[in-house]
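This report concerns only the one structure given below.
In the working numbering, the protein residues as written are 1 to 259.
Put into structure tokens, the structure is as follows:
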């Protein structure tokens, strides 16, 4: 997982190769466009899952009116590695709307789980992945606790987007902006503190896990490959225009969204 911080104006056109970007918006609006024809606008609870694969150019930015008005914007972006066999696959774009995710609740109703991708306790999310991955956004009311079944061959992470709580049987404390890494086992336990801040009434956690790829990785800038030679080839392909050209669609230009 690689949470990304972006400027209020977003990011200009830039290349990607060899991995996926998963942009999840909790509050606000975000525009995306890529040179492969993917693109659109996401808002509260929506996800854009872009597979760069063999390479493309793309741009990400909040609409200009949101920037000018100082509106709320809250989200995160994950970088998901691709196995060597898929690094040069054709790019793909998934537009996952909030209404399509699988909604689950704990028996006592204290926790709501949104399954965005992968499988949780027999329930599948809409996101399509290249290796086995599970991505869940969980909201826990103050004092609520949930133990979720988790594949033993998966790693497990919990990233706190809001609030305070604890994880694991040992109830290790965790709060906004922190990531917990779970050890081996067949379940993940998360608990919300009894008292939360007034502006964050619940504990908001993204739970992530997947089957480790266990391959060499060479990463530099916007390229995630397996070898240094593949990185050099990616830079050469970008410089020679082989990763696509900037399209003039969706109301965007090289500078970003148009008013």
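We put the CB at the ideal spot given by N, CA and C, even for glycine.
Starting from residue i, trace the beta strand (DSSP E) both ways and give me its first and last residue.
| i | result |
| --- | --- |
| residue 34 | 30 to 34 |
| residue 232 | Looking at the DSSP string, residue 232 is not in any beta strand (DSSP E); the run it does join, the alpha helix (DSSP H), is 228 to 239. |
| residue 100 | Segment: none, residue 100 is in no beta strand (DSSP E) and carries neither H nor E. |
| residue 192 | 187 to 192 |
| residue 135 | 133 to 140 |
| residue 172 | 172 to 175 |
| residue 150 | Here residue 150 belongs to no beta strand (DSSP E), and DSSP marks it neither H nor E. |
| residue 82 | Per DSSP, residue 82 belongs to no beta strand (DSSP E) and is neither H nor E. |
| residue 39 | 39 to 42 |
| residue 214 | Counting along the chain, residue 214 falls outside any beta strand (DSSP E), and DSSP gives it neither H nor E. |
| residue 58 | 56 to 61 |
| residue 265 | For the chain, the structure presents residues 1 to 259; residue 265 sits outside this window and is missing. |
| residue 14 | 11 to 16 |
| residue 243 | Here residue 243 belongs to no beta strand (DSSP E), and DSSP marks it neither H nor E. |
| residue 116 | 111 to 117 |
Tell me whether residue i is buried or exposed, calling it buried when 16 or more other Cβ atoms sit within 10 Å of its Cβ.
| i | result |
| --- | --- |
| residue 44 | exposed |
| residue 199 | exposed |
| residue 60 | buried |
| residue 128 | exposed |
| residue 121 | exposed |
| residue 8 | At residue 8 the pLDDT is 47, less than 50, meaning the model places this residue with poor confidence and gives no usable figure here. |
| residue 35 | buried |
| residue 220 | exposed |
| residue 152 | exposed |
| residue 103 | exposed |
| residue 236 | exposed |
| residue 68 | exposed |
| residue 249 | Low confidence applies to residue 249: its pLDDT is 48, below 50, so where it sits in the model is not reliable enough to give any reading. |
| residue 78 | buried |
| residue 137 | buried |
Can you list, in chain order, the residues of its chain with a C-beta nearer than 6 Å to that of residue i? Leave out the 5 residues immediately preceding and following it.
| i | result |
| --- | --- |
| residue 145 | 191 |
| residue 308 | The structure shown does not extend to residue 308, since the chain spans only 1 to 259, so no value can be given for it. |
| residue 3 | With a pLDDT of 44 at residue 3, under the threshold of 50, the modelled position of this residue cannot be trusted, and the question is left open. |
Leaving out five residues on either side along the sequence, give the residues of the same chain with a beta carbon under 7 Å from the beta carbon of residue i.
| i | result |
| --- | --- |
| residue 165 | 140, 174, 190, 191, 192, 193 and 203 |
| residue 213 | 81, 83 and 131 |
| residue 169 | 189 |
| residue 19 | 52, 79, 80, 81, 82 and 224 |
Cβ of residue i within 9 Å of Cβ of residue j?
| i | j | result |
| --- | --- | --- |
| residue 93 | residue 38 | yes |
| residue 11 | residue 48 | no |
| residue 208 | residue 135 | yes |
| residue 110 | residue 66 | no |
Would you please state the rounded distance, in angstroms, between the beta carbons of residue i and residue j? I believe it to be under 8 Å.
| i | j | result |
| --- | --- | --- |
| residue 180 | residue 157 | 7 Å |
| residue 16 | residue 222 | 5 Å |
| residue 101 | residue 132 | Wrong, their Cβ atoms sit about 18 Å apart, outside the cutoff. |
| residue 46 | residue 96 | 7 Å |
Leaving out five residues on either side along the sequence, give the residues of the same chain with a beta carbon under 8 Å from the beta carbon of residue i.
| i | result |
| --- | --- |
| residue 245 | 35 and 57 |
| residue 13 | 57, 58, 59, 246 and 254 |
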